[in-house]
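Chemist: Numbering (our numbering), first residue to last: 97 to 505.
All C-beta atoms, glycine included, are put in the ideal place defined by N, C-alpha and C.
Since this is a predicted model, take the numbers as computed values, not measurements.
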Ligand SMILES: *Cc1c(COP(=O)(O)O)cnc(C)c1O
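Structure (structure tokens):
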């Protein structure tokens, strides 16, 4: 570890030192739990004081494959020795392989790689609008995209502009027009919202950040049918729900729905590198011609190589099946915990939410003290989303900690 001298001349070593340093020099746009992680392997992370914790957040499902997966690490190192960045001014030999593999995974024709999730969402929005004008014949400047209350699609100005969460928006306007915000889970609201100018519906099949809100059975199918019959693109933001988290490759698979556009990110590169992608048809992604969209780092050989191995790991270790099997058992065990402050337990695969009648923060802090890391989402929900490689024994251990915390309060 590199030691950095602090104000008093001594190097920071303890958690308290690093927290003070970050509070002084870093912007305060997060309210993290006060654990300072210095290394991790699989499902476990270790803090600078030498204490270990079971990670039940997985960096918001970006490390579905587990921390520092040895195969992905080997690819990262190997590719970093060869070539890391070419820009799209030139071609590299990893990008075509990445595009082929991601397209085939999704049963789609075409892939546009970006870096962060928010960039992929932005790319999907641009594709949908252009598709609306060029293919659907929407009059210029009038394209509308339907979005949903409690959505989370990232933090760019356009995206926060159609958020329903005041703290994501306040003070960041003026916002991009062209979005219609309706209730999630209400098919009649969607039917009423679609007009001849609607080019797309942008939806998380499960609203994770909103507190793991699962729509009523049949809703995704009904949304897909409604989109099809109105010539509207169904764009599924599977950045968090995709790649096995919910016990299927994609959350849309639970209703055998194939959206027109998949938006992927997070676990696409196993937590090693920001890699995102928009995956769709030639008809949709074909609206982009040279010069119409781009990214310096999007499609770089390091990211593509890492993502390819991350996907191979998902398949070779059967992580989707693990998520389904372990998740069903784990959710049932969590649901068997009885406590007056537990309002409901819900989930799919290895994503389980415990909704409380009270704020969840103090419960997450108590769990941290016992060596289990999770984070409240939307105040009242404890989100449990351990890496998909987590062993049954480790999950049993997590259940012991959960029971202990609910037994004492
Ligand atoms: C995390 C997330 C994003 C944004 O991804 P970033 O990489 O943080 O920009 C978008 N949509 C969903 C559903 C997410 O969970």
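Buried or exposed: which applies to residue 439, given that a residue is buried once 16 or more other Cβ atoms fall within 10 Å of its Cβ?
Modeler: Result: exposed.
Chemist: Is the stretch 236-252 touching the stretch 279-297 in the sense that three or more CB pairs, one from each, lie closer than 8 Å?
Modeler: Cβ pair count under 8 Å is three or more, so yes.
Chemist: Give the range of the alpha helix (DSSP H) segment to which residue 323 is assigned.
Modeler: That run of the alpha helix (DSSP H) goes 315-325.
Chemist: I'd like to check one pair, residue 480 with residue 426: are the Cβ atoms closer than 9 Å?
Modeler: Yes, these two residues count as a Cβ contact at 9 Å.
Chemist: Which word fits residue 123, buried or exposed, when buried means at least 16 other C-beta atoms lie within 10 angstroms of its C-beta?
Modeler: Classification for residue 123: exposed.
Chemist: Whole-angstrom Cβ separation of residue 443 and residue 423, contact assumed at under 8 Å?
Modeler: 7 Å between Cβ atoms; contact.
Chemist: Start and end of the alpha helix (DSSP H) containing residue 194?
Modeler: Per DSSP, residue 194 belongs to the alpha helix (DSSP H) from 190-202.
Chemist: Could you give the first and the last residue of the continuous beta strand (DSSP E) run that contains residue 137?
Modeler: That run of the beta strand (DSSP E) goes 133-137.
Chemist: Taking 9 Å as the threshold (C-beta atoms), are residue 373 and residue 301 in contact?
Modeler: Taking 9 Å as the Cβ cut-off, residue 301 and residue 373 do not qualify as a contacting pair.
Chemist: Short of 8 Å in beta carbon distance, which residues of its chain neighbour residue 175, apart from the five on each side in sequence? Order them along the chain.
Modeler: Within the same chain, residue 175 has close Cβ partners 190, 397, 398, 401 and 402.
Chemist: How would you write the range of the alpha helix (DSSP H) that residue 257 sits in, first residue to last?
Modeler: First-last of the alpha helix (DSSP H) with residue 257: 253-257.
Chemist: On the criterion of 16 or more Cβ atoms from any shown chain inside 10 Å, does residue 268 qualify as buried, or is it exposed?
Modeler: Looking at its Cβ environment, which holds fewer than 16 other Cβ atoms inside 10 Å, residue 268 is exposed.
Chemist: Quick one: what's got a C-beta closer than 7 Å to residue 405's C-beta in the same chain, skipping five residues either side?
Modeler: Excluding residues within five positions, the ones whose Cβ falls inside 7 Å are 167, 168 and 171.
Chemist: Within 8 Å, do at least three Cβ pairs link the stretch 267-287 to the stretch 197-217?
Modeler: Judged by Cβ distances under 8 Å, the stretch 197-217 makes no contact with the stretch 267-287, as fewer than three pairs qualify.
Chemist: Helix, strand or coil, according to DSSP, for residue 433 in the structure here?
Modeler: Residue 433 falls in the coil class under three-state DSSP.
Chemist: Closest to residue 477 by CA distance: which of 469, 290, 464 and 441 is it?
Modeler: Looking at the Cα atoms, 441 is the closest of the given residues.
Chemist: What is the DSSP secondary structure of residue 337, reduced to helix, strand or coil?
Modeler: Coil at residue 337, not helix or strand.
Chemist: Measuring CB to CB, does residue 108 end up less than 9 Å from residue 116?
Modeler: Yes, the Cβ-Cβ distance between residue 108 and residue 116 is below 9 Å.
Chemist: What number of angstroms, rounded off, separates the C-alpha of residue 99 from the C-alpha of residue 205?
Modeler: Confidence at residue 99 is low in this model, with a pLDDT of 47, below 50, so the placement of that residue should be treated as unreliable; the coordinate-derived value is given next. Computed Cα separation, rounded: 49 Å.
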